[in-house]
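Peer 1:
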Amino acid sequence: MNPQILPPERRRPLQWLVAVGFFMQTLDGTIVNTALPAMAHDLAVSPFRMEAVVIAYMLTVALLMPASGWLADRYGTRRIFMTAIVLFTLGSLACAESHTLTQLTASRVLQGIGGAMLVPVGRLAILRGFPRSELLSALSFVIMPALVGPLIGPTLGGWLTDIASWHWIFLINLPVGVLGLLLTGRYMPAFTGERIPFDWIGFGLFGVGIAVFSLSIEGVGELGFSPARALLLAVFGLGCLAAYWLHAMRTAVPLFNPRLFHTNSFSVGIIGNLFARLSIGGIPFLMPQLLQVGLGISATNSGLMLVPVAIASILSKPLIEPAVQRFGYRRMLTVNTALVGCSIMGLATIGPNTPLWLILFQLFVMGGINGMQFSLMNTLTLKDLNHTDASAGNSLLSVIQQLSMSLGVGTAAMLLSAFLTTVDRSGADGDAAVFHPTYFFLGLLALVATTIFLQLDPAQDRSGTRSETRDSE
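Using my numbering, the letters of the sequence shown map in sequence onto residues 229 to 701.
1) Along the alpha helix (DSSP H) that carries E237, what are the first and last residues, could you check?
2) If we count Cβ pairs, one from each stretch, closer than 8 Å, do we get three or more for the stretch 540–554 versus the stretch 640–655?
3) So, under 8 Å CB-CB, V246 and A353 are touching, yes? Tell me the CB distance rounded to an integer number of Å.
4) Does the stretch 479–498 come into contact with the stretch 430–439, if we say contact requires no fewer than three beta-carbon pairs (one atom in each stretch) closer than 8 Å?
5) Where does the unbroken alpha helix (DSSP H) through V563 begin, and where does it stop?
6) Apart from the five residues on each side of it in sequence, which residues of its chain come closer than 7 Å, Cβ to Cβ, to A312?
7) Taking the continuous alpha helix (DSSP H) assigned at P265, which residues delimit it?
8) I'd like the list of long-range same chain contacts for V289, defined as Cβ closer than 7 Å, with 5 residues on each side in sequence excluded.
9) Can you check the stretch 468–522 for any alpha helix (DSSP H) of at least 4 residues that lies completely inside it and give the ranges in chain order?
10) If you follow the alpha helix (DSSP H) that H395 is part of, which residue opens it and which one closes it?
11) Would you be able to state if there are at least three C-beta pairs under 8 Å between the stretch 671–682 and the stretch 562–579?
12) Under three-state DSSP, which class holds A640?
13) DSSP three-state call for A290: helix, strand or coil?
14) Can you tell which of M515, V521 and G522 has the C-alpha that lies nearest to the C-alpha of M533?
15) Alpha carbons only, please: which of G531, A470 and G509 is nearest the one belonging to L519?
16) Determine the direct distance from the alpha carbon of W244 to that of G413, and round the result to whole angstroms.
17) Three-state secondary structure (DSSP) at F651?
18) Exposed or buried, which one is D652 when buried takes at least 16 other CB atoms within 10 Å?
19) Along the chain, where does the alpha helix (DSSP H) that runs through H664 open and close?
20) Let me confirm a value: P455 is counted as buried when at least 16 other C-beta atoms fall within 10 Å, else exposed. Which label applies?
21) Mind listing, in chain order, the continuous alpha helix (DSSP H) runs of no fewer than 4 residues lying wholly within the stretch 406–448?
22) Count the other CB atoms within 10 Å of the CB of Q683; is the residue buried (16 or more) or exposed (fewer)?
23) With three or more beta-carbon pairs closer than 8 Å as the criterion, would you say the stretch 400–417 touches the stretch 275–285?
24) For T577, tell me which candidate among R302, H475 and F668 has the shortest Cα-Cα distance.
25) What is the rounded straight-line gap between the Cα of M573 and the Cα of N598?
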């Protein structure tokens, strides 16, 4: 028996504690979007230039996630989880006290440092504290906040912005953080693990490559980089990533083992995740701005209009397993990714004269399609990995998820910035006209991703469908 397995009376409090951490992290990923126009007004910047607030958090989480497991093994899950809550809470306070876009962006980085450790370390504590026979139910319990956060986040963010100010979307984290800190000291076990060497060189190459490449995309949108400067940064970032790959192939314990890509479903799943989320990841950033800036809807109502997206995503979950068993991952992902592209293109038809019921229907349909897409891609990526590679594969998948959402926001902002100077906004659609070509090209990007899923090996198409879909995003 594993000596770290917790007695039954300590397992349920740990589940609740980790669930609170998941809730804080996922809520903060969605609550900000509906407040972006109000933030832009107070900070005296264009609402079309607010992507840095979103990207700073997502990119920080993506970059630091690989180090969270090593830190927990070395210093203990309790100490690192407490540190994560402290940093997340202090970052929230700093966000609320920010008076410039630069200050707010830096504060979001601090928040992201804490958020990067909350979910992985909490999941690690569950994996070590529960017997394998109870892991599925334990993990299913703690990921429920990941579904609730996106459901209430946009509405709560809009409501707080309208009745008080955008500062309160960060201030509400303070009492939750203090409570979480007290509960961590009492209920989080101090698990430690084997102190294996950490690949600092690989971590540096991977982090610099991702950060610089992301900056090249964001710079075209918000910072106004020239094409030459953006291209130079992109090439430098890709060069660092290539150097990491060469380093990983000759290192005994790399940050992410290239051996993972020998599995067809994993390689297709990772690459498909990256490119499909480039289009999907920009929607939570764009949609509140279209509703508020383009259509003149209040922050509260724009948040309420995004609720159907989360509801449809939840309702789609029970359909996934029987659909995969009947049609297989290859066919399901190819068709569903094409539907993702079409649903995003459909948003390009929304204007001031579009009936409210039609907008809500479009959002509901898109939410259901996206919910199936996330679960299918995540399950496909991990389903054929052996026990030895499963942990590393899951870690890389988490990084790619955060990274691709960050790049998705950057891509959406870059397109939006380009069309600001080329699209005529004097017509009946007004500012909403800028969003139309942006959605169209994001939809095209999703359609291109369908070719990636066609590379799946038909022989492995239906293997491993039963246990993973329930734990997918």
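The C-beta atom is built at its ideal place from N, Cα and C for all residues, glycine as well.
Peer 2: In short:
1) One-based indexing of the sequence shown puts residue 237 at position 9. The continuous alpha helix (DSSP H) containing E237 extends over residues P236 to I259.
2) Judged by Cβ distances under 8 Å, the stretch 540–554 makes no contact with the stretch 640–655, as fewer than three pairs qualify.
3) For the purposes of this step, residue 246 is identified with residue 18 of the sequence shown, where counting begins at 1. For the purposes of this step, residue 353 is identified with residue 125 of the sequence shown, where counting begins at 1. Contact check for V246 and A353: beta-carbon distance about 6 Å, within the 8 Å limit, so the pair qualifies.
4) Output reads yes: the stretch 430–439 touches the stretch 479–498.
5) Numbered from its first residue, the sequence shown carries residue 563 at position 335. Here the alpha helix (DSSP H) through V563 covers V535 to G574.
6) Residue numbering aside, residue 312 sits at position 84 when the sequence shown is read from its first letter. Counting only Cβ-Cβ distances below 7 Å, and skipping sequence neighbours, we find G342, M345, L346 and V349.
7) Here residue 265 is taken as the residue at index 37 of the sequence shown, counted from 1. Counting along the chain, the unbroken alpha helix (DSSP H) around P265 starts and ends at L264 to D270.
8) Your numbering for residue 289 matches position 61 in the sequence shown. The beta carbon of V289 sits closer than 7 Å to the beta carbons of G340, G343, A344 and Q630 from its chain, once the five residues preceding and following it are set aside; these are given in chain order.
9) The qualifying runs are 492–508 and 511–517.
10) Taking the sequence shown and counting its residues from 1, one reaches residue 395 at position 167. That residue, H395, is in no alpha helix (DSSP H); it is neither H nor E in DSSP.
11) Because the criterion of three Cβ pairs below 8 Å is met, the stretch 562–579 and the stretch 671–682 touch.
12) Within the sequence shown, the letter at position 412 stands for residue 640. Here A640 sits in helix by DSSP.
13) Start at 1 with the first residue of the sequence shown, and residue 290 comes out as number 62. It is helical.
14) For the purposes of this step, residue 533 is taken as residue 305 along the sequence shown, with counting starting at 1. For M533, the nearest C-alpha among the options comes from M515.
15) What you label residue 519 is simply residue 291 of the sequence shown in a count that begins at 1. Per the Cα distances, G531.
16) The residue labelled residue 413 in the question sits at position 185 within the sequence shown. The residue labelled residue 244 in the question sits at position 16 within the sequence shown. Taking the straight line joining both Cα atoms gives about 14 Å.
17) The sequence position of residue 651 within the sequence shown is 423, counting from 1. Looking at the sequence itself, residue 651 is Val, so the reference to Phe does not match. Reduced to three states, the DSSP call for V651 is coil.
18) In the sequence shown, counting from the first residue as 1, residue 652 sits at position 424. Around the beta-carbon of D652, fewer than 16 other beta-carbon atoms lie within 10 Å, marking it exposed.
19) Looking up residue 664 in the sequence shown gives position 436. Note, H664: alpha helix (DSSP H), A660 to F681.
20) Against the sequence shown, residue 455 aligns to sequence position 227. With fewer than 16 neighbouring CB atoms inside 10 Å of its own CB, P455 falls in the exposed class.
21) As summarised for the stretch 406–448, the continuous alpha helix (DSSP H) elements at least 4 residues long and confined to that stretch are 428–446, given in chain order.
22) As a working mapping, residue 683 is identified with position 455 in the sequence shown. So Q683 counts as exposed.
23) Verdict: no, contact absent.
24) Here residue 577 refers to the residue found at position 349 of the sequence shown. If we check each option's Cα against that of T577, F668 comes out closest.
25) Position 345 of the sequence shown, counted from the start, is the residue given in the question as residue 573. Position 370 of the sequence shown, counted from the start, is the residue given in the question as residue 598. When rounded, the distance between both Cα atoms is 14 Å.
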